[in-house]
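Chemist: Sequences listed follow chains A and B, in order. Quick note on the working numbering: the first sequence kicks off at 3 and runs consecutively. Quick note on the working numbering: the second sequence kicks off at 14 and runs consecutively. Where is the CB? At the ideal position from N, CA and C, for every residue including glycine. All of these numbers come straight from a predicted model, not from anything done at the bench.
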Amino acid sequence: MSILIKNGRVVDPKNNIDANLDVLVADGKISELNKNIDPKKATQIIDASKKIVIPGIVDLQLNLREPGNQYKSTLESEMKAANAGGITGMVCPPDTTPILDEPGLVKMLKNKSEALKLGNVYPLGALTQKLNGKLLTEINDLYESGCIGFSQAEKPIQDTEVLYRSFQYLSTFNFKAFLRAEDAYLSEKGIINAGEISTRLGLKGIQSISETTAINKILEIADLTKTKVHLNKISTAEGLNLIKIAKKNGVNVTCDVSIHQIFLTDNDIGFFNTNCFLKPPLRKESDRVKIIESIIDGTIDAICSDHSPVNEDNKLKPFAESEYGASSAELLMPLIFKLSDEYKLDLSLLVNKITYQPSNILEINKGNLSINSQADICIFDPEYSWEINSKTLISEGKNTPFLNQNLTGKVSSTIFNGNIVFIDH
Amino acid sequence: MFNPQLNSKGNLNHLLSIEGLSIEKIIQILDTAESFLKIGERDVKKVPILRGKTVCNVFFENSTRTRTTFEIAAKRLSADVINLNVATSSQSKGETILDTINNLIAMNADIFVVRHSSSGAAHFIASHVKPNIHIINAGDGNHSHPTQGLLDAFTIRKYKTNFNKLKVAIVGDILHSRVARSNIHALNILGVPEIRVIAPKTLLPSEIDKLGVHVFHDINKGLKDVDVIMMLRIQNERMDGVMLPSQEEYFKTYGLNQTRLDLAKKDAIVMHPGPMNRGVEIDSAVADSEQSVILPQVTFGIAVRMAVMAILAGQHS
């Protein structure tokens, strides 16, 4: 089977391409990238005029909720939702039920996802057993069974000795830690950003020092032990300053932000809107501004969706008792486009942060349209206007802070491994 | 910002928080309460304003005093009153809040008085019930306790008449206090020019100054020349921990005694939402002194709660 994508604006940051080109896909690979490719070469033609053609998106944080949480959503439903967002590379954290701390579970997840043929799933293995922050998992076995790195999901290691030893051990085998920087003592029972809004609403605040003290600790230990670290979902301006300095000093660190933090602040919580209950919490406007600056200056390497579908009943509760998380896989690319449009940012710079740069962080050769690479492609219609609601979202999780808002731009088709896995309108 | 307690005509449909109420609305409630105050002094303490209506006290968090005052208020308005201590019933069986409320609505209750330990619980319930159902927030987490804020404003007006010349100090655990938040909003709306909060840094929430207050850590400075002192209860679980080292140290550094009271204006009044911890936040002599208006607060509280229920039920405009 061969597919010809005609007349699209091809944006491939790795190869410095931003031009109107045709893309020919054959035998699951990118076989030609050129102007006016002969339609006879393909069995199927996709008209991409007025559309944007980018590499399949690699999302560094996508909760697929399997194994275990099928009440919320299934692997298939969420991989399909990811496809509807142009995502073909899916990094899933280990806080499933049971927790991904045994090779058998990882293999099961890999097998199940491979059978679905909807994308490459890259599980992060638990760094400590049951994510207890105390005892290391068998990381070599986990790696062999398919883990791409090691994480504590939302359960930061509290014990500094354990953090130090786990970094030493990871570094021994050259594995990477994917961590969210949070001091759980400081953030315990915290719900939203500490500030005027938390004070007004009477919700326990989470100070930015709960992120920065953890970043400091992680960076110092990473520097000492020469461990590769990726910091996930940074939320504070102060934290980004620390990472910028560490990078300058040669610490092997990268970081990402979630798409929510780029557009929203704690002000959006209004009168207790549980759809804005996220981890890390939405911060203040000055943090949001710093995040955009850090995307431009390169301190932020990647942007993730932080897709976390939540069952409706678990949002229908008083704020602090509800479950954190939002559905966002389908919104990532449209919001990236909106960011480029509203802030006049180079689209290629932003696309890089959801395609090639995350692939680099994962040390895989994905997120590009190089000839002979696996044909994972997202075709985006920048003019399509739609409303975000429970009907238009494919994910089982219908909760998002953007609910009932209009958005211009939507993924129109997604190709994974040379096959069309999603097609819309 | 969308204010869920007002209906499309701008009338009060629920009472969820003081924040977002207009000065006219607050004055209307205080004036209505004034007219109800006399009822409590009569032999027959009843008016037929809520006859045929059902008021349901749903307390997800235990409280005897607040529930009782709401119950008395509803009964003086001739409503049928049902008390539900949900903390010990359906919630422990795993029923959700919405299911509990919807079951009570199915039994044709008209007004719900709700207390819950989680901030925003009353907003949550109010945004999921039909428009003819009224929710009164009787305290949600650390967020709001609007009837307390109103009865405190009523008390101040009784003794001080004019809000816009006052200095008011609120002393104690501001961090965990829904009463403090409600009072700060109410006093700001009513035009009090200087509101002070006095507490150690551990008991002050982030950016409290942005709510329109002056922050004092030294009680002797904070009480200087104030007209009103509002003491807050210090909960036992705050003691002996990381927030405060001990009761004794708290009383020594922040407790209200006669010497400190003398720093305030001569005619300053002392308020407390109750229940008091004598010898912890307030000296017994001060609590029982002529400047104390703590018991009148309780009496006024019933009139204010009657006013809120009457206005919500639309019988009084």
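1) Can you have a look at Leu308 (chain B) and say buried or exposed, based on whether 16 or more other CB atoms are within 10 angstroms of its CB?
2) Between A:Asp40, A:Lys43, A:Gly87 and A:Met3, which lies nearest to Phe339 (chain A) when the distance is taken from Cα to Cα?
3) Quick one: list the residues of chain A neighbouring Glu220 (chain B), beta-carbon separation under 7 Å, in chain order.
4) Check for me: the alpha helix (DSSP H) holding Phe418 (chain A) runs from which residue to which?
5) Determine the closest residue to Ala100 (chain B) out of B:Val127, B:Thr82, B:Ala119 and B:Ala92, with distance taken between C-alpha atoms.
6) Taking buried to mean at least 16 other C-beta atoms within 10 Å of its own C-beta, is Ser330 (chain B) buried or exposed?
7) For Arg93 (chain B), which of helix, strand or coil comes out of DSSP?
8) Quick one: Cα of Ala46 (chain B) to Cα of Leu224 (chain B), how far?
9) Along chain B, in chain order, which residues have C-beta atoms closer than 8 Å to that of Phe321 (chain A)?
10) Put Cys94 (chain A) into one of helix, strand or coil per three-state DSSP.
11) So, with DSSP's three-state summary, where would you put Asn331 (chain B)?
12) Between Phe449 (chain A) and Phe321 (chain A), how many whole angstroms is the CB-CB distance? I'm expecting something under 8 Å.
13) Residues of chain B with a CB under 9 Å from the CB of Lys318 (chain A): which are they?
14) Can Gly91 (chain A) and Lys53 (chain A) be called in contact, C-beta distance under 9 Å?
15) 9 Å is my cut-off, CB to CB: does Leu276 (chain B) come that close to chain A?
16) If you run the structure through DSSP and keep just helix, strand and coil, what is Asp258 (chain A)?
17) If Ala326 (chain B) sits next to Phe49 (chain B), beta carbons under 8 Å apart, how far is it from one beta carbon to the other, in whole angstroms?
18) Could you tell me whether the stretch 27 to 37 of chain A touches the stretch 331 to 338 of chain A, using the rule of 3 or more Cβ pairs below 8 Å?
19) Taking the alpha-carbon positions, what's the Met14 (chain B) to Ser4 (chain A) distance?
20) Return the residue from the list B:Leu245, B:Lys143 and B:Glu32 that minimises the CA-CA distance to Val210 (chain B).
21) Which residue's Cα is closest to the Cα of Thr109 (chain B): A:Asp24, A:Trp388 and A:Glu314?
22) Is it buried or exposed, Arg78 (chain B), if we count other Cβ atoms within 10 angstroms and call 16 or more buried?
23) Helix, strand or coil, according to DSSP, for Phe404 (chain A) in the structure here?
24) Can you name the start and end residues of the beta strand (DSSP E) that Met81 (chain A) belongs to?
25) Take the Cβ of Glu32 (chain B) as the centre, count every other Cβ of all protein chains shown within 10 Å, and call the residue buried at 16 or more, exposed below.
26) Measure the CB-CB distance between Pro311 (chain A) and Glu80 (chain A) and report whether it falls below 9 Å.
27) Is the beta carbon of Leu34 (chain B) less than 9 Å from the beta carbon of Ile148 (chain B)?
28) How long is the line joining the alpha carbons of Ile356 (chain A) and Asn113 (chain A), rounded to whole angstroms?
29) For Leu6 (chain A), report the span of its alpha helix (DSSP H) as first-last.
30) With a CB to CB cut of under 6 Å and the five nearest residues on each side skipped, what residues in its chain are close to Gly369 (chain A)?
31) Between Arg194 (chain B) and chain A, is there a C-beta pair that is closer than 9 Å?
32) Under 8 Å Cβ-Cβ, which residues of chain A neighbour Pro17 (chain B)?
33) Within its chain, find whatever has a CB closer than 7 Å to the CB of Ser387 (chain A); leave out the 5 residues flanking it on each side and keep chain order.
34) At what residue ranges does the stretch 130 to 211 of chain B contain a whole run of the alpha helix (DSSP H), taking only runs of 4 or more?
35) Pull up the distance between the alpha-carbon of Ile202 (chain B) and that of Ala139 (chain B), whole angstroms please.
36) How is Gln310 (chain B) classed by DSSP in three states: helix, strand or coil?
Modeler: A quick look at the data gives this:
1) exposed
2) A:Gly87
3) Gly197, Glu198 and Thr201
4) No alpha helix (DSSP H) holds Phe418 (chain A); the beta strand (DSSP E) holding it covers Asn408 to Phe418.
5) B:Val127
6) Caution applies to Ser330 (chain B), whose pLDDT of 41 falls short of 50 and renders its modelled position unreliable; the value that the coordinates give is listed next. Label assigned to Ser330 (chain B): exposed.
7) The question names Arg, yet the displayed sequence has Asp at residue 93 (chain B). In this structure, Asp93 (chain B) counts as strand in the three-state DSSP scheme.
8) 27 Å
9) Ser131, Ser132, Gly133 and Phe137
10) strand
11) This structure does not reach residue 331 (chain B), given that chain B is present from 14 up to 330, and the question cannot be answered.
12) Since the first residue shown for chain A is 3 and the last is 427, residue 449 (chain A) is missing from the structure and cannot be characterised.
13) The sequence as given places Leu at residue 318 (chain A); Lys does not occur at that position. The answer, in chain order, is Thr109, Ile110, Leu111, Phe137 and His141.
14) no
15) no
16) strand
17) Not quite, the Cβ-Cβ distance comes to about 13 Å (not below 8 Å), so this is no contact.
18) no
19) Because Met14 (chain B) carries a pLDDT of 46, less than 50, the predicted location of this residue cannot be relied on, and the following value inherits that uncertainty. When rounded, the distance between both Cα atoms is 53 Å.
20) B:Leu245
21) A:Glu314
22) exposed
23) coil
24) Note, Met81 (chain A): premise wrong, no beta strand (DSSP E); alpha helix (DSSP H) at Leu77 to Ala86.
25) buried
26) yes
27) no
28) 25 Å
29) No alpha helix (DSSP H) contains Leu6 (chain A), which is instead part of the beta strand (DSSP E) from Ser4 to Asp14.
30) Pro57, Val60, Thr357, Tyr358 and Ser361
31) yes
32) Phe273
33) Asn408 and Thr410
34) 134 to 139, 159 to 173 and 191 to 202
35) 23 Å
36) helix
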